[in-house]
């Protein structure tokens with residue numbers, strides 16, 4: 009069983025829709041990262057969470073440590089949000105990141 | 003520069019050749035990571051450097067892979083006797099190393115390696 013599971017694997021939506029991407033994990037963590045990877049491969053760190061909720065523009069990330077679950081929400085989605093979104097765990101006692109398989113998001117105009 | 007840089011951006015090599023990939027982290031960042039993303043696969047950790055500490059090499063897939071970090075700054079990932087399964091995008095990231103374990107990682111653009 010993978011230490012981190014993302015769902016859905018692929019998501020297609022219309023511009024303006026509210027988007028939710030989920031990440032569940034099975035190990036103790038010190039932090040959880042949400043990353044965005046655009047076509048062409050560049051990776052941008054969106055959020056780093058250890059508890060609660062963070063908001064940046066139209067993006068919101070939440071984490072529930074007890075339930076070992078995190079969600080990334082995008083409000084008023086736009087075609088430029090089309091990318092692969094990756095959940096990554098910093099496992100307790102380690103520095104490396106363990107990555108989910110990613111969610112490919114496509115927002116149609 | 004303002005961000006993490008990597009060179010070359012693309013590398014095509016023949017099976018059996020050695021390759022060197024370079025990473026220039028953000029100035030002042032003490033932590034440096036190498037990751038690999040194979041086609042259609044997720045990202046996987048390769049190696050981690052933190053200051054003068056011994057690196058965490060637990061992700062290196064075989065003894066053909068090695069990395070060094072000179073002077074606590076630039077890092078080189080070396081793959082000896084390349085195989086076709088080494089074809090991937092190799093990503094480097096750096097972080098400030100302060101506030102461990104919560105510090106954010108900044109990724110470079112990656113090097114796309116193709117082994118023919």
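Residue numbers (my numbering), protein chains in the order written: chain A, 9 to 117; chain B, 3 to 118.
Ideal Cβ positions, reconstructed from N, Cα and C, are used throughout, including at glycine.
Since the model is a prediction, treat every value here as computed from it, not as a measurement.
For residue 22/B, the uninterrupted beta strand (DSSP E) segment begins and ends at 21 to 26. Residue 67/B has its alpha-carbon roughly 16 Å from the corresponding atom of residue 13/B. The stretch 78 to 93 of chain B makes contact with the stretch 16 to 24 of chain B: 3 or more CB pairs, one atom from each, lie closer than 8 Å. At a cut-off of 9 Å between beta-carbon atoms, residue 70/B makes no contact with chain A.
Within the same chain, 37, 38 and 61 come within 7 Å of residue 46/B by CB-CB distance, once the 5 residues on both sides are set aside.
For the stretch 15 to 34 of chain A, the beta-carbon criterion of a distance under 8 Å to any beta-carbon of chain B is satisfied by none of its residues. Secondary structure of residue 88/A (DSSP, three-state): helix. Residue 111/B belongs to the set of residues whose beta carbon lies under 9 Å from a beta carbon in chain A. Among the bridge pairs identified by DSSP, residue 108/B is matched with 96/B. Take residue 52/B, set aside five residues on each side of it, and the residues of its chain with a beta-carbon closer than 7 Å to its own are 32, 33 and 99, in chain order. Along the stretch 64 to 92 of chain B, going in chain order, the ones with a CB nearer than 8 Å to a CB of chain A are 91. Between residue 69/B and the set 87/B, 41/B, 105/B and 25/B, the nearest pair of CA atoms involves 25/B. For the C-beta of residue 56/B, not a single chain A residue is nearer than 8 Å; the gap to the nearest is close to 12 Å.
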